[in-house]
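Colleague:
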Amino acid sequence: MANLWIRGVDQTLYDALIREAEANGRSVEEEQRAILEEALQKVYNRQFVRALMSIPNVGEDSDFERVNDRREAPVVFD
């Protein structure tokens, strides 16, 4: 597992991190991981949405229309 060091953090920001960790019942280290994971998940979700939106509109899926066939399906397995 990788280690992450952040230097030069403003004391008021660090104090807010401590308060947030206490409010969530986590250690400061756990709180840092949770914040980082949440922030990066949002980035991943935006990228996924962009990928979906880039798929061209090809119209209707008429090749795959549902057929309501009432016949009994053939037995494939014994």
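Residue numbers for the sequence shown follow the numbering used here, so the first one is 312 and each next one is one higher. Glycine included, every Cβ here is placed at the ideal spot set by N, Cα and C.
1. Let me know if Glu348 comes out buried or exposed under the rule of 16 or more other beta-carbons within 10 Å of its beta-carbon.
2. Give the list of continuous alpha helix (DSSP H) stretches no shorter than 4 residues that lie fully inside the region 321 to 350.
3. Rounding to the nearest angstrom, what Cα-Cα distance links Ile346 and Asp389 in this structure?
4. Thinking C-alpha only, which one of Gln343, Phe375, Val369 is nearest Leu324?
5. Give a yes or no on whether the C-beta atoms belonging to Val339 and Ile329 are separated by under 9 Å.
6. Closer than 8 Å by C-beta to Arg337: which residues in its own chain qualify, once you throw out the five before and the five after it? Chain order, please.
Modeller: Walking through what the data contain:
1. Flag for Glu348 reads exposed.
2. DSSP runs (the alpha helix (DSSP H)) wholly in the region 321 to 350: 322 to 334.
3. Approximately 54 Å, taken between the alpha carbons.
4. The residue among Gln343, Phe375, Val369 with its C-alpha nearest the C-alpha of Leu324 is Gln343.
5. Closer than 9 Å, so yes.
6. Result list for Arg337: Ala345, in chain order.
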